[in-house]
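Chemist: Before I ask anything, here is the structure I am working with.
Residue numbers (UniProt numbering): 1 to 227.
As structure tokens, this is what we get:
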């Protein structure tokens, strides 16, 4: 059934005058050629919606406890297990995530290994590549070499943490050397590629020079013979 038109200000004034005289809703509706419901809704008090009753056990995490969990996670970088221990096991480690997930100021992100490459960095790299791309003769005399260290006793750079979105993002420091890690090195050029080198111990200047003599020097001699 379509909805009727609203009462005009003149009809509302006439209805109020008849209502003060003690006339019933049906009489007022008949005089104004309106429905009883339209007049009744105009003068009856508006019903407020009842608030839904909460069911289940009350939450153990109060607002004060939620703020403490947020500080432990974002400032002290505690894990869920450590946070549960710090608050005397009021809630389990699995429950610690609930207030953190509900807060807009907390976000679970990956810690970055280096600052983000900005647009002007990308433009400069693309310009350099376009400049030297056609110099094929030069690239025949170039050797690309690099090292990679794998940390076997830790996350090896895959570090996630609870971040406060109001603060700057964090960067993790790379270990130069230490126990539980292995470093490899290799090189390549237009003439081919070198064997993979497994570097042992701390790579100071003397060790790095020895590595170049044992692995890259023979590769350079082959490069000279072919060019």
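By construction, the Cβ of each residue, glycine as well, lies at the ideal position given by its N, Cα and C atoms.
#1: Can you tell me which of the three DSSP states residue 147 falls into?
#2: Alpha carbon to alpha carbon, what distance is there between residue 208 and residue 61?
#3: Using beta-carbon positions only, say whether residue 184 and residue 196 come within less than 8 Å of one another.
#4: Cutting at 6 Å between CB atoms, please list the residues of its own chain near residue 219, excluding the five before and the five after it.
#5: Assign residue 84 to buried or exposed, taking buried as 16 or more other Cβ atoms, counted over all protein chains shown, within 10 Å of its Cβ.
#6: Provide the residue span of the beta strand (DSSP E) that contains residue 109, from first to last.
#7: Pick out whichever of 99, 94, 169 has its Cα sitting closest to the Cα of residue 110.
#8: Return yes when the Cβ of residue 106 is within less than 8 Å of the Cβ of residue 136, no when it is not.
#9: Measure the C-alpha to C-alpha separation of residue 15 and residue 53 and round it to an integer number of angstroms.
#10: Could you have a look at residue 163 and say whether DSSP puts it in helix, strand or coil?
#11: Using a Cβ-Cβ cut-off of 6 Å (strictly less than) and excluding sequence neighbours within five positions of residue 188, which residues of its own chain qualify?
#12: What are the boundary residues of the alpha helix (DSSP H) that residue 126 is part of?
Modeler: So, from the listed chains and residues:
#1: Strand, per DSSP.
#2: 56 Å
#3: yes
#4: So the qualifying residues of the chain are 194.
#5: buried
#6: 106-110
#7: Nearest to residue 110 by C-alpha distance, out of 99, 94, 169, is 169.
#8: no
#9: Each residue's Cα considered, the two are about 39 Å apart.
#10: strand
#11: 144
#12: Counting along the chain, the alpha helix (DSSP H) containing residue 126 begins and ends at 119-132.
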